[in-house]
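Participant: The sequence shown begins at 290 in this note's numbering and counts up one residue at a time. Don't be surprised by glycine CBs; every beta carbon is placed ideally from N, CA and C. I have a structure here, written as structure tokens, and I will follow up with some questions on it.
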Amino acid sequence: MKVLKRFYLALILVFLYAPILVMIVQSFNAGKSRAVWEGFSFRWYAELFNTAQIKDALIVTLTVAALATIISTVLGTLAAIGIQAMKARPQTVMLALNNIPLTMPDIVTGISLMLLFIFTGVPRGYVTMLLAHITFDIPYVILSVLPKLKQMNQNSYEAALDLGATPTYALLHVILPEVMPGVITGAMLAFTLSLDDFTISYFTSPTVQNLSTLIYSQSRQGIKLYMYALSALMFVALLVLLLLVNKRSSKAEI
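Set out below in structure tokens:
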């Protein structure tokens, strides 16, 4: 049975990662043929970094991900502290509401936000993409910070207030140091999610493109070979970020 289980797992991994491996190998192909290997070259990586459209999409991707990470981390941390301070029943309700966006398909969230922006008359562009990323990042930050709040001594905050600390001082010097590992994990997870989001970005910002929406729009016209290089770089970057998030999560559980 162990052999069959290992074979089944290996088969799944091959189906999942073999196409990605082929794409990465093809990104170093010197020729234009997708079927014939014509030698090792960084040609498509050089062309990638010399394409103005890619540079613009990269700037949008990184700035949106960075701003969404900062804002969602602040709001999500404050929300987690507020939820932790609630009584049992309201806390259960808030956690259920927080979990709904996590279980909801991205296409539902994207269309809902699109209809909201259209109904309120907000022009869809960079700002709406940023607001959408903040919206779907916050629940992940809350779930990352809450376990650390539950682990800390619940009397520390009250003790700091009794000793003369202001609520702001107690928040910054008592609560935040205790939950900082969860805050950092939540921030890294938010950045990772924002970096490769496609569906929500596609519906909330038709005029501004990040890397995911740019790849989609260009693939409909025929895949250019420097897209292999771009996809390979995105895969490596996201893999590194996910490994860092998992490593921090494992340390937090010890």
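Taking 8 Å as the cut-off, does the segment 502-510 touch the segment 442-454 (at least 3 CB pairs, one atom from each stretch)?
Facilitator: no
Participant: Kindly indicate which three-state DSSP category Asn-318 falls into: helix, strand or coil?
Facilitator: The count along the sequence shown starts at 1 and reaches residue 318 at position 29. Three-state DSSP puts Asn-318 in a strand.
Participant: Give me, in chain order, the residues of the same chain whose beta-carbon lies closer than 8 Å to that of Met-403; leave out the 5 immediate sequence neighbours on both sides.
Facilitator: Mapped onto the sequence shown, residue 403 falls at position 114. Excluding residues within five positions, the ones whose Cβ falls inside 8 Å are Arg-413, Phe-492, Thr-493.
Participant: Just mark Pro-308 as buried or exposed, buried being the case when its beta carbon has 16 or more other beta carbons within 10 Å.
Facilitator: As a working note, residue 308 is residue 19 in the sequence shown. Counting Cβ neighbours within 10 Å, Pro-308 comes out exposed, since fewer than 16 surround it.
Participant: Taking only three categories from DSSP, how would you classify Phe-329?
Facilitator: For the purposes of this step, residue 329 is taken as residue 40 along the sequence shown, with counting starting at 1. Phe-329 falls in the strand class under three-state DSSP.
Participant: Give the DSSP-derived three-state secondary structure of Gly-414 in the structure shown.
Facilitator: Here residue 414 corresponds to residue number 125 of the sequence shown, with the count starting at 1. Looking at Gly-414 - three-state DSSP - the assignment turns out to be coil, as it is neither helix nor strand.
Participant: What's the C-alpha gap between Phe-338 and Thr-350?
Facilitator: The sequence position of residue 338 within the sequence shown is 49, counting from 1. The sequence position of residue 350 within the sequence shown is 61, counting from 1. C-alpha separation (whole angstroms): 15 Å.
Participant: Give the DSSP-derived three-state secondary structure of Pro-394 in the structure shown.
Facilitator: Indexing the sequence shown from 1 puts residue 394 at position 105. In the structure shown, Pro-394 sits in coil (DSSP, three-state: anything other than H, G, I, E or B).
Participant: Can you check whether the C-beta of Ile-370 is within less than 7 Å of a C-beta belonging to chain B?
Facilitator: Annotation note: the requested chain B is absent from the structure, which comprises a single protein chain.
Participant: Report the residue ranges of all alpha helix (DSSP H) runs contained in full by the segment 324-384; include only those spanning at least 4 residues, in chain order.
Facilitator: 332-338, 341-373
Participant: How about Thr-481 and Asp-395: are their beta carbons less than 7 Å apart?
Facilitator: Residue numbering aside, residue 481 sits at position 192 when the sequence shown is read from its first letter. Residue numbering aside, residue 395 sits at position 106 when the sequence shown is read from its first letter. Taking 7 Å as the Cβ cut-off, Thr-481 and Asp-395 do not qualify as a contacting pair.
Participant: Is it buried or exposed, Tyr-429, if we count other Cβ atoms within 10 angstroms and call 16 or more buried?
Facilitator: Start at 1 with the first residue of the sequence shown, and residue 429 comes out as number 140. Around the Cβ of Tyr-429, a 10 Å sphere holds 16 or more other Cβ atoms; the residue is buried.
Participant: Quick check: the Cα distance between Thr-381 and Arg-323, rounded to an integer number of angstroms?
Facilitator: The residue labelled residue 381 in the question sits at position 92 within the sequence shown. The residue labelled residue 323 in the question sits at position 34 within the sequence shown. Those two C-alpha atoms are separated by around 53 Å.
Participant: Should Ala-377 and His-422 be called a contact, given that it needs their Cβ atoms to be closer than 7 Å?
Facilitator: Stepping through the sequence shown from its first residue, residue 377 is reached at position 88. Stepping through the sequence shown from its first residue, residue 422 is reached at position 133. Their beta carbons are not under 7 Å apart, which means Ala-377 does not touch His-422 by this criterion.
Participant: Is the beta carbon of Ala-479 closer than 7 Å to that of Val-463?
Facilitator: Sequence index remark: in the sequence shown, residue 463 carries index 174 (1-based). Sequence index remark: in the sequence shown, residue 479 carries index 190 (1-based). In this structure, Ala-479 does not lie closer than 7 Å to Val-463 by Cβ.
Participant: Take Leu-347 and list the residues in its own chain whose beta-carbon comes closer than 7 Å to its own, dropping the five residues that flank it on each side.
Facilitator: In the sequence shown, the residue the question calls residue 347 occupies position 58. Once the five neighbours on either side are set aside, the close Cβ partners of Leu-347 are Leu-500.
Participant: Kindly indicate which three-state DSSP category Phe-480 falls into: helix, strand or coil?
Facilitator: On the sequence shown, position 191 is the one that residue 480 refers to. Phe-480: helix per DSSP, three-state reduction.
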